[in-house]
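Just so you know, we're using numbering that gives the first Met the number 0 here: the sequence shown kicks off at 0 and counts up by one.
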Amino acid sequence: MFELLRGLPQELMVFIIAALPVIELRGAIPYAIGVLKMEPLTALGWSVLGNIAPPIAILYLLGPLQKLLEEKLPWISRWFNWLYNRSAKRGELIEKYGPWGLLLFVSIPAPGTGAWTGCILAFLLGIRPVKALAVVAAGIIIAGIIVTMAVTGGLLVFKHLF
């Protein structure tokens, strides 16, 4: 997959990888440090920037996109209602604790968490885009620090063992 990015500057590669859904900075930082041999702080910086870029568009475009789709395709309202109900069940942490729950959700580097999912949950749970963007950005920074520490610590342990 990353072959498509060959030839680009390393920083741009890391930025693009971090912007991808599912992969986000949880995959970009290990790739940058482990494969590209990028300095950890440089990897962290470019990964955070790449991971923050999509939420800006996601948070501000989901509302207008939903309205447009509901106008053009009336049945889509039922799908959004189903999605909201499903998200509300899974977003108990966010619903209970609001922005603090969203921060925790985005900042824990685990499968299914992250900026993309956090933005969708924030939208579905009615958190205003400005507030959601600030919280998601903070969560991205925290997750980036955690992943960078885990990767550098893991590599250090690996070097000492082998």
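Glycine included, every Cβ here is placed at the ideal spot set by N, Cα and C.
- Distance between L43 and T147, taken at the CA atoms: about 7 Å.
- For I139, the enclosing alpha helix (DSSP H) stretches over residues 128–160.
- Setting aside the 5 residues that flank it on each side, E10 is surrounded in the same chain by W45, each with a C-beta closer than 6 Å to its C-beta; the list follows chain order.
- The beta-carbon distance between A137 and L160, rounded to whole angstroms, is 35 Å. This is too long to meet the 8 Å contact definition.
- Taking a cut-off of 8 Å for Cβ pairs, the stretch 5–19 and the stretch 70–89 do not touch, as fewer than three such pairs fall below it.
- Leaving aside the five residues that flank P128 on each side, the residues in its chain whose CB is nearer than 7 Å to its CB run, in chain order, L58, Y59.
- Residue range 39–71 is occupied by the alpha helix (DSSP H) that includes V47.
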